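Working notes, beginning with the structure itself.
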Amino acid sequence: MKKTSAALFAGLALLTSGALPAFADDGLSSILFGRSYNDGVTAVQIVHRPNHAGDSLPQAVLYATPARIRQAQAMIMNDPNLLSALERRNISPRNVVWVQTAMNGGKIVYYY
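In terms of mature numbering (1 follows the signal peptide of the UniProt record, and there is no 0), the sequence shown is residues -24 to -1, 1 to 88.
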């Protein structure tokens, strides 16, 4: 009995190890782990939060002025890589509030 169950588990382990690469192109990995774009752009959606939860957002996002919003949208329109990254994420440039440059040189885009 123990030999049968050990053989069954070993066979199951071999089957699943061979089947995992097949799931990589499937939507399963994007459902479980989210999409990985690998383009150096991080998109942060701004949603209505309680007053104490807004502390994690930068002040430039919390108190965005129309001039700062126009400047961020102009930055996106002048950078084709950033524009294509937002198109892949289905984010309209008119919803962008602020663009911040990260320490690694990537961009952080705050949008509604």
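We treat Cβ as the ideally placed atom computed from N, Cα and C, and that holds for glycine.
Here the structure is a predicted model, which means the values were calculated and not measured.
A straight-line Cα-Cα distance of about 22 angstroms links R64 and Q47. By the criterion of at least three beta-carbon pairs nearer than 8 angstroms, the region 34 to 53 is in contact with the region 62 to 78. Between Y88 and A19, the CB-CB gap reaches or exceeds 8 angstroms. In the displayed model, I45 falls within a helix according to three-state DSSP.
When the beta-carbon positions are compared, V37 and L62 stay at least 8 angstroms from each other. Counting along the chain, no alpha helix (DSSP H) covers A19; the unbroken beta strand (DSSP E) around it starts and ends at 17 to 21.
Excluding the 5 residues flanking it on each side, R44 has same chain C-beta neighbours closer than 7 angstroms at A36, W74, in chain order. Rounded to whole angstroms, the gap between the alpha carbons of G16 and L4 is 23 angstroms.
Taken through DSSP and simplified to helix, strand or coil, I84 comes out as strand.
Here L59 is exposed. Its C-beta has fewer than 16 other C-beta atoms within 10 Å.
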